[in-house]
Every structure is written in structure tokens, then in C-alpha cells.
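**Q** FYI, in the UniProt record's numbering the residues of the sequence shown are 1 to 142. Even for Gly, the Cβ is constructed at its ideal location relative to N, Cα and C. Nothing here was measured: the structure is a model prediction, and the numbers come from that model. Encoded as C-alpha cells, here's the structure I'll be asking about.
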Amino acid sequence: MTQTRPAHIHFDDLDAMGLLHNSRYSLLVERAISAYWAELGWSFDPAVSRFKDVFLAVREFKITYSVPIVGAGEVLVEFWIDKMGRTSGVYGFRVVSADRSVTHAEGYRVNVNLDPATLRPTPFTAETRAAAEPLLRAPSLT
């Protein structure tokens with residue numbers, strides 16, 4: 001199921017032409033996904049996190065820019081999980097206008113769960129898988 005979080009564009013996010021700088025889109029996605037997991041009790045600090053899987057790294061990030069965001073204001077970040085593997089998950093996302101009439105950018109991001117001691121991929125816990133399940137998008141029949 002797709003989740004949506006609002007994202008605020010500030011003046012200092014803009015480039016010299018008044019457009020959202022391309023590097024900021026990934027930050028919007030990161031903040032939206034992090035907010036979702038924080039609401040469930042996830043934390044970067046293993047001592048306070050509800051989840052044992054706290055050491056995740058972005059392995060791949062692809063974004064296609066369609067329509068520039070002009071000026072400060074609010075947009076929405078829609079995200080979901082396309083695939084949950086043994087040690088990694090693929091998030092799909094869209095950055096859309098506040099009224100959802102314009103898709104500004106879309107893409108995917110691959111997160112890998114790492115063992116903090118070895119920095120090697122390690123399987124997700126059952127608890128993380130259960131919490132991620134509502135984000136899983138049903139496979140397409142096409």
C-alpha cells in the first residue's frame with residue numbers, strides 16, 4: 001500500500017533559477033521513508049529502536065525528473081515497497097504536487113540490511129518484515 005508524507009520546500013533548497021535543486025529530491029524521499037519507520041518505533045539508535053535492523057545502507061538510487069518544482073511550498077512524497085528480498089528491499093517513490101496533479105519525479109531506491117560488525121548483508125528480522133508488509137505493493141498482472 002502506498003504511504004504519503006508531506007515535504008516542505010524551503011528557500012535554501014532552491015537553485016539559482018528558483019527550482020528545487022536536484023540533490024534535494026533524494027533528501028525528500030529519505031525523510032518521508034524515515035518518518036514512516038520512526039512512527040513505528042524505528043530509530044538510528046539501537047538502544048531505543050523497536051527494531052533490531054537499524055544498520056541499513058542505500059545500495060542504489062534512481063530518479064527520473066519530469067517537471068521541476070518551482071519555488072518554496074509543500075509537495076507530497078508517495079512511497080511503497082516493490083520487493084522485499086532476504087537482505088534488501090526496493091522502495092518505489094513519486095514526488096508529486098500537493099494536489100497530486102503533477103508528478104515531479106519518480107524512481108526507486110534499494111536498501112540493504114547490514115550486519116554492523118561485518119558490514120555484510122544480513123537477513124531482515126521477522127519483526128521488520130511484518131512491519132514492512134503494509135508497504136508491499138501487489139504484483140502487477142501484466
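(1) Straight-line CA distance for A117 to Y65?
(2) Is it buried or exposed, G89, if we count other Cβ atoms within 10 angstroms and call 16 or more buried?
(3) In angstroms with no decimal places, state the Cα-to-Cα distance between R95 and W42.
(4) Would you mind stating whether A7 and V77 have Cβ atoms separated by less than 7 Å?
(5) How is the alpha helix (DSSP H) around P42 delimited, first residue to last?
(6) Just the C-alpha distance for F124 and D53, rounded to the nearest angstrom, thanks.
(7) State the DSSP-derived secondary structure class of residue 143, mapped to helix, strand or coil.
(8) Sort L27, F55 and R120 by Cα distance to D45 and report the nearest one.
(9) Among T122, L136, N22 and F79, whose alpha-carbon lies nearest the alpha-carbon of residue 146?
(10) Give, in chain order, every unbroken run of the beta strand (DSSP E) that is at least 3 residues long and sits entirely within the segment 75 to 125.
(11) The beta strand (DSSP E) that contains V58, what's its start and end?
**A** Here's the rundown:
(1) Along the sequence shown, one-based indexing puts residue 117 at 117. Along the sequence shown, one-based indexing puts residue 65 at 65. Answer to the nearest angstrom: the Cα atoms are 37 Å apart.
(2) Position 89 of the sequence shown, counting from 1, holds the residue named residue 89. Of the other Cβ atoms in all chains shown, 16 or more fall within 10 Å of the Cβ of G89; this residue is therefore buried.
(3) As a first step, residue 95 must be located in the sequence shown, where it is residue number 95. As a first step, residue 42 must be located in the sequence shown, where it is residue number 42. Looking at the sequence provided, one finds Val at residue 95 rather than Arg. So the alpha carbons of these two residues sit roughly 23 Å apart.
(4) Numbered from 1 along the sequence shown, position 7 holds the residue referred to as residue 7. Numbered from 1 along the sequence shown, position 77 holds the residue referred to as residue 77. Result yes, Cβ atoms of A7 and V77 sit closer than 7 Å.
(5) By 1-based counting over the sequence shown, the position of residue 42 is 42. Looking at the sequence shown, residue 42 is not Pro but Trp. W42 -> no alpha helix (DSSP H), and no H or E assigned at all.
(6) Against the sequence shown, residue 124 aligns to sequence position 124. Against the sequence shown, residue 53 aligns to sequence position 53. Cα to Cα, the separation comes out at about 7 Å.
(7) Residue 143 is absent from the structure shown; the chain starts at 1 and stops at 142.
(8) Taking the sequence shown and counting its residues from 1, one reaches residue 45 at position 45. With distances taken between Cα atoms, D45 lies closest to F55.
(9) Since the first residue of the chain shown is 1 and the last is 142, residue 146 is not available in this structure.
(10) 88 to 97 and 103 to 113
(11) In the sequence shown, residue 58 corresponds to position 58, counting from 1. That run of the beta strand (DSSP E) goes L56 to Y65.
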